[in-house]
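**Student:** Dropping a structure here in structure tokens format, bear with me for questions.
There are 2 protein chains.
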Amino acid sequence: MSVTAPVGFRAAGVAAGLKSTGAQDVALVVNDGPQAAAAAVFTTNRFPAAPVLWSRQVLSGGRLRAVVLNSGGANACTGPEGFQDTHATAEHTAAALGRAGLEVGAVDVAVASTGLIGVRLPMDRLLPGVTAAAGALSADGGPDAARAIMTTDSVPKTTVQQRDGWSVGGMAKGAGMLAPSLATMLVVLTTDAAVEPAVLQEALAAATGVSFERVDSDGCLSTNDTVIAMANGASGVTPTAAEVAEALTAAATDLAMQLLADAEGSTKDIAITVRNAASVRDALTAGRACARNNLLKTALFGNDPNWGRVLAAIGTTDAAFEPDGVDVTINGVTVCRGGAIGDPREGVDLTGRAITIDVDLRAGTEQATIWTNDLSIAYVHENSAYST
Amino acid sequence: MSVTAPVGFRAAGVAAGLKSTGAQDVALVVNDGPQAAAAAVFTTNRFPAAPVLWSRQVLSGGRLRAVVLNSGGANACTGPEGFQDTHATAEHTAAALGRAGLEVGAVDVAVASTGLIGVRLPMDRLLPGVTAAAGALSADGGPDAARAIMTTDSVPKTTVQQRDGWSVGGMAKGAGMLAPSLATMLVVLTTDAAVEPAVLQEALAAATGVSFERVDSDGCLSTNDTVIAMANGASGVTPTAAEVAEALTAAATDLAMQLLADAEGSTKDIAITVRNAASVRDALTAGRACARNNLLKTALFGNDPNWGRVLAAIGTTDAAFEPDGVDVTINGVTVCRGGAIGDPREGVDLTGRAITIDVDLRAGTEQATIWTNDLSIAYVHENSAYST
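Listed in order, the protein sequences are those of chains A and B.
Under my numbering, the first residue of the first sequence is numbered 1048, with each subsequent residue one higher.
Under my numbering, the first residue of the second sequence is numbered 1048, with each subsequent residue one higher.
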């Protein structure tokens, strides 16, 4: 049921002709209230797309009534004209909702886009699509909305987290906050709990920090990454801040693992856990260095437990460790012990999709896990054939 | 003529059975004097291989008589036993040279290795190979030595820089100091000029700083990267420090461009020049961000001038620029102007091997060029099939 699982949200997904395939490409999610609390996390790329610039402004008040999303074009690096296109989209959405009896202004409407950078959106198709989406809004529309934001995703990603008298719903497309593989990660989370905007923002930041931000499929940071959460209080339940954070984290983690499993061209899901680090930051730094090492990622694609490439990767970081104090365990076999040769690498079975790499730094008590994928021939094929 | 072009150097390359193909795999370069000045630059990886640990120690005195190199095994992450193997190799080389009438100790012999990490060297093959190489030393042996250090290189890389009464020779294998693609970059430079060790070290650091360190094929840093320079004064000429730096830079740049052209599985040589930067560091940071962006590298493999991926890459850096002040020119077409859409991307011809990407930051007066390759299906294939 996606974003419409919680009470008081409607959604729609329609085909507006932005995608050459004729598939659904415009999604609309509307919060029918009574409350309109909202929070968001955006890309830190210094070339934020026009919809990111717009939505960041809109969300600054902690209030939102609707999100309109499109695939088939990122509207990034499109200059002032691109920003006007986003503004027009929000205005058009507000007007369409107004005709349907919802009193909303453009400043209540966030916009998110995904697709090719550096190309203007075909507004003559997008705006009629928004009108159609507003007309198709339904309390069952969550799955349609989830389909309409897909780009190279092979399946829609949705989640529902049921709690005591309230719930969180969500949808996502892409491949992770710091790893937008083909392009961008867009996420919308909804809840019918009553949550103050400040509490919602804190809970969302905590949830993304341990989920989307730890999925690092290819290390590339999109211009369009957007995670939006909306809370309407329609359930009448006011959970504690901790309960909100827990439920949002569960939803975000569920979606993040779906993104990982569907990363472009991937054949492996790789969980890199760095243990006994001096700090969580050190653990994340060492884990990311592995996740971004093309030599390691190609080796794993080839079912090769090449632990030397794990050491070579963390050897480029400033994480605290002694070179002769590092162990590496791949799928349960400690192939490297004390920075040198451990158990025979022939004992490692990498034929399955799931791979775990455990790095023990013996430098402290903290740990963190980074999730990534292998670097496959299909990844190169998909990403070289994208815009042409 | 490789490393034996300058007067007073002999070299050899022999097959010791380290490579399963039976190709040459042990190289020896000997400086016959009269002087024995030497300098070196090593990997900054925190897991330096045993030969790097050894050679760094040996070179600390600025003096060297011989370098013994092997392919077919990196001797990295092999613990104290691996270090003993390197030590034994240097001892064995010194003894073999002693039998041939050269008075050298193990501390006069640098060692360099390349191949798989985390595997002990087959000393029962390597040491007889060293003996054979010592017996095969010749003033014409430079090309053999260059062949013996090849791993996935498709051609040996050599250079000769003739100056007024003196010369610089050199050989290399691999794919760049910060981009050892399959493994490692090994370089030996020789000159018959008379050069003090301190002058040679400064000249070598300057030469590598603008050549090997600006080739960034895949962003991975090897455990074994080694660049060694030897000067014997046999020409009787004492050039100025500036003349030495110029000639070493010419030799290093020539070899770096050969490494780039032969990078594993590459189909494009890409020169990324960042202009009008606030500092050289900013220009390098922005250039490296592009060189390491898999989405950009796959796009270029697909002949796609996807300039949005250039902006997305530099948007992740802290280089000084205003997002609406950045121009991007690909193969002469300014496809992005002021951070937004420029001339039509259809006008960019990427069918050739050479690609130039010019990024104008409009933030200062400095500039730098980073060289890289595309990310191809063949790259994934070669690197996934390596150790298995």
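Cβ atoms here follow ideal geometry from the backbone N, Cα and C, with glycine treated the same way.
Is the CB-CB distance between Ala1181 of chain B and Val1105 of chain B below 8 Å?
**Tutor:** Looking up residue 1181 of chain B in the second sequence gives position 134. Looking up residue 1105 of chain B in the second sequence gives position 58. No, they are not a contact pair.
**Student:** Verify the CB distance criterion: does Asn1122 of chain B have a CB-CB separation below 8 Å to chain A?
**Tutor:** Counted from its first residue, the second sequence places residue 1122 of chain B at position 75. So, not an interface residue.
**Student:** Contact criterion: CB-CB distance below 8 Å. Does Ala1359 of chain A meet it with respect to chain B?
**Tutor:** What you label residue 1359 of chain A is simply residue 312 of the first sequence in a count that begins at 1. Ala1359 of chain A counts as touching chain B.
**Student:** To the nearest angstrom, how far is it from the Cα of Thr1206 of chain B to the Cα of Trp1354 of chain A?
**Tutor:** The count along the second sequence starts at 1 and reaches residue 1206 of chain B at position 159. The count along the first sequence starts at 1 and reaches residue 1354 of chain A at position 307. Between Thr1206 of chain B and Trp1354 of chain A, the C-alpha separation is close to 35 Å.
**Student:** Considering only their Cβ atoms, is the gap separating Ala1278 of chain A from Ala1324 of chain A smaller than 8 Å?
**Tutor:** In the first sequence, residue 1324 of chain A corresponds to position 277, counting from 1. In the first sequence, residue 1278 of chain A corresponds to position 231, counting from 1. No, they are not a contact pair.
**Student:** Would you give the residue range spanned by the beta strand (DSSP E) that Ile1377 of chain B belongs to?
**Tutor:** Reading the second sequence from its first residue, position 330 is the one you call residue 1377 of chain B. From DSSP, the beta strand (DSSP E) with Ile1377 of chain B extends over 1374-1377.
**Student:** Can you tell me whether DSSP reads Trp1418 of chain A as helix, strand or coil?
**Tutor:** Residue numbering aside, residue 1418 of chain A sits at position 371 when the first sequence is read from its first letter. If DSSP states are grouped into helix, strand and coil, Trp1418 of chain A belongs with the strands.
**Student:** Specify whether the stretch 1203-1219 of chain A and the stretch 1231-1242 of chain A touch according to this definition: at least 3 beta carbon pairs, one from each stretch, less than 8 Å apart.
**Tutor:** yes
**Student:** If you draw a straight line from the alpha carbon of Leu1229 of chain A to that of Val1077 of chain B, how long is it in whole angstroms?
**Tutor:** Start at 1 with the first residue of the first sequence, and residue 1229 of chain A comes out as number 182. Start at 1 with the first residue of the second sequence, and residue 1077 of chain B comes out as number 30. Since pLDDT at Leu1229 of chain A reaches only 42, below the 50 mark, its modelled position is unreliable, and the value read off the structure follows with that caveat. Approximately 51 Å, taken between the alpha carbons.
**Student:** DSSP three-state label for Asp1079 of chain A, please.
**Tutor:** On the first sequence, residue 1079 of chain A is found 32 positions in, with the first residue counted as 1. DSSP places Asp1079 of chain A in coil when its eight states are reduced to three.
**Student:** Tell me the rounded alpha-carbon separation between Asp1132 of chain A and Leu1343 of chain A.
**Tutor:** The sequence position of residue 1132 of chain A within the first sequence is 85, counting from 1. The sequence position of residue 1343 of chain A within the first sequence is 296, counting from 1. Whole-angstrom Cα-Cα distance: 42 Å.
**Student:** Should Trp1418 of chain A be flagged as near chain B, meaning a C-beta pair shorter than 8 Å?
**Tutor:** For this step, residue 1418 of chain A is matched to residue 371 along the first sequence. For Trp1418 of chain A, the answer is no, since every Cβ of chain B falls outside 8 Å of its Cβ.
**Student:** Taking 8 Å as the threshold, find out whether the stretch 1186-1203 of chain A comes into contact with the stretch 1058-1074 of chain A through three or more Cβ pairs.
**Tutor:** With the cut-off at 8 Å, the stretch 1186-1203 of chain A and the stretch 1058-1074 of chain A touch.
**Student:** On the CB-based measure, 16 or more other CB atoms within 10 Å of its CB, does Asp1171 of chain A come out buried or exposed?
**Tutor:** Counted from its first residue, the first sequence places residue 1171 of chain A at position 124. Per the 10 Å Cβ criterion, exposed.
**Student:** Out of curiosity, what's the CA-to-CA distance linking Gln1305 of chain A and Lys1204 of chain A?
**Tutor:** Counting from 1 along the first sequence, the entry for residue 1305 of chain A is found at position 258. Counting from 1 along the first sequence, the entry for residue 1204 of chain A is found at position 157. Cα-Cα distance, rounded: 6 Å.
**Student:** Quick one: which residues of the stretch 1374-1388 of chain A get their C-beta closer than 8 Å to a C-beta of chain B? List them in chain order.
**Tutor:** Val1382, Cys1383, Gly1385, Gly1386, Ala1387, Ile1388
**Student:** Does any C-beta atom of chain B lie closer than 8 Å to the C-beta of Gly1223 of chain A?
**Tutor:** Counted from its first residue, the first sequence places residue 1223 of chain A at position 176. Residue confidence is low: Gly1223 of chain A scores 45 on pLDDT, short of 50, so the model does not pin down where it sits. Its coordinate-derived value is still stated next. No, Gly1223 of chain A lies away from the interface with chain B (no Cβ there is under 8 Å from its Cβ).
**Student:** What residues of chain A sit near Phe1094 of chain B, judged by a beta carbon separation below 7 Å?
**Tutor:** For the purposes of this step, residue 1094 of chain B is identified with residue 47 of the second sequence, where counting begins at 1. Ordered by position in chain A, the residues that pass the 7 Å Cβ test against Phe1094 of chain B are Leu1358, Ala1359, Gly1362, Pro1370, Gly1386.
**Student:** Examine chain A for any beta-carbon lying closer than 8 Å to the beta-carbon of Phe1089 of chain B, and answer yes or no.
**Tutor:** On the second sequence, residue 1089 of chain B is found 42 positions in, with the first residue counted as 1. Not closer than 8 Å to any Cβ of chain A, the Cβ of Phe1089 of chain B fails to qualify, so no.
**Student:** So Met1304 of chain A is in the alpha helix (DSSP H); what residue range does that whole segment cover?
**Tutor:** As a first step, residue 1304 of chain A is located in the first sequence; it is residue number 257 there, counting from the start. Start and end: 1288-1308.
**Student:** Looking at C-alpha atoms only, which residue of B:Val1427, B:Trp1213, B:Glu1429 is the closest neighbour of Glu1290 of chain B?
**Tutor:** Within the second sequence, the letter at position 243 stands for residue 1290 of chain B. Checked all of B:Val1427, B:Trp1213, B:Glu1429; the closest Cα to Glu1290 of chain B is B:Trp1213.
**Student:** Find out if the Cβ-Cβ distance for the pair Asn1100 of chain A, Ala1159 of chain A is shorter than 8 Å.
**Tutor:** Indexing the first sequence from 1 puts residue 1100 of chain A at position 53. Indexing the first sequence from 1 puts residue 1159 of chain A at position 112. Checking the sequence, you will find Leu at residue 1100 of chain A rather than Asn. No, they are not a contact pair.
**Student:** Report all residues from its chain with a CB closer than 8 Å to the CB of Asn1341 of chain A; omit the five preceding and five following residues, and keep chain order.
**Tutor:** Here residue 1341 of chain A corresponds to residue number 294 of the first sequence, with the count starting at 1. Same-chain partners within the cutoff: Leu1422.
**Student:** Terminal residues of the continuous alpha helix (DSSP H) containing Lys1046 of chain A?
**Tutor:** The structure shown does not extend to residue 1046 of chain A, since chain A spans only 1048 to 1435, so no value can be given for it.
**Student:** Using 8 Å as the threshold, is the C-beta distance between Ile1417 of chain B and Ala1338 of chain B below it?
**Tutor:** As a first step, residue 1417 of chain B is located in the second sequence; it is residue number 370 there, counting from the start. As a first step, residue 1338 of chain B is located in the second sequence; it is residue number 291 there, counting from the start. Going by C-beta atoms, Ile1417 of chain B is nearer than 8 Å to Ala1338 of chain B.
**Student:** Can you tell me whether Leu1233 of chain A is helix, strand or coil according to DSSP?
**Tutor:** Along the first sequence, one-based indexing puts residue 1233 of chain A at 186. Three-state DSSP puts Leu1233 of chain A in a strand.
**Student:** Mark Ser1107 of chain A as exposed unless 16 or more other C-beta atoms lie within 10 angstroms of its C-beta, in which case mark it buried.
**Tutor:** In the first sequence, residue 1107 of chain A corresponds to position 60, counting from 1. Ser1107 of chain A comes out exposed.
**Student:** Which residues in chain B sit within 7 Å of Ile1424 of chain A, going by Cβ to Cβ distance?
**Tutor:** By one-based count along the first sequence, residue 1424 of chain A stands at place 377. By Cβ distance, chain B contributes Ile1424, Val1427, His1428.
**Student:** So within the stretch 1107-1170 of chain B, which uninterrupted beta strand (DSSP E) runs reach at least 3 residues, ignoring any that extend past its ends?
**Tutor:** 1113-1117, 1156-1160
**Student:** So for Gln1209 of chain A, helix, strand or coil by DSSP?
**Tutor:** Position 162 of the first sequence, counting from 1, holds the residue named residue 1209 of chain A. Strand, per DSSP.
**Student:** Going along chain A, which residues have a C-beta under 9 Å from Thr1463 of chain B?
**Tutor:** Nothing about residue 1463 of chain B can be read from this structure; chain B reaches only from 1048 to 1435.
**Student:** Identify whether Thr1255 of chain A lies in helix, strand or coil by the three-state DSSP scheme.
**Tutor:** Within the first sequence, the letter at position 208 stands for residue 1255 of chain A. Of the three classes helix, strand and coil, the one that applies to Thr1255 of chain A here is helix, per DSSP.
**Student:** Is the beta carbon of Ala1087 of chain A less than 8 Å from the beta carbon of Ile1275 of chain A?
**Tutor:** Position 40 of the first sequence, counted from the first residue, corresponds to residue 1087 of chain A. Position 228 of the first sequence, counted from the first residue, corresponds to residue 1275 of chain A. A Cβ-Cβ contact shorter than 8 Å links Ala1087 of chain A with Ile1275 of chain A.
**Student:** The stretch 1267-1290 of chain A: which residues have C-beta closer than 8 Å to a C-beta of chain B, in chain order?
**Tutor:** Cys1267, Leu1268, Ser1269, Thr1270
**Student:** Which of the three DSSP states is assigned to Ser1313 of chain A in this structure?
**Tutor:** If you number the first sequence from 1, residue 1313 of chain A lands on position 266. Here Ser1313 of chain A sits in coil by DSSP.
**Student:** Just to confirm the assignment, what range does the beta strand (DSSP E) spanning Cys1383 of chain B have?
**Tutor:** On the second sequence, residue 1383 of chain B is found 336 positions in, with the first residue counted as 1. Note, Cys1383 of chain B: beta strand (DSSP E), 1380-1384.
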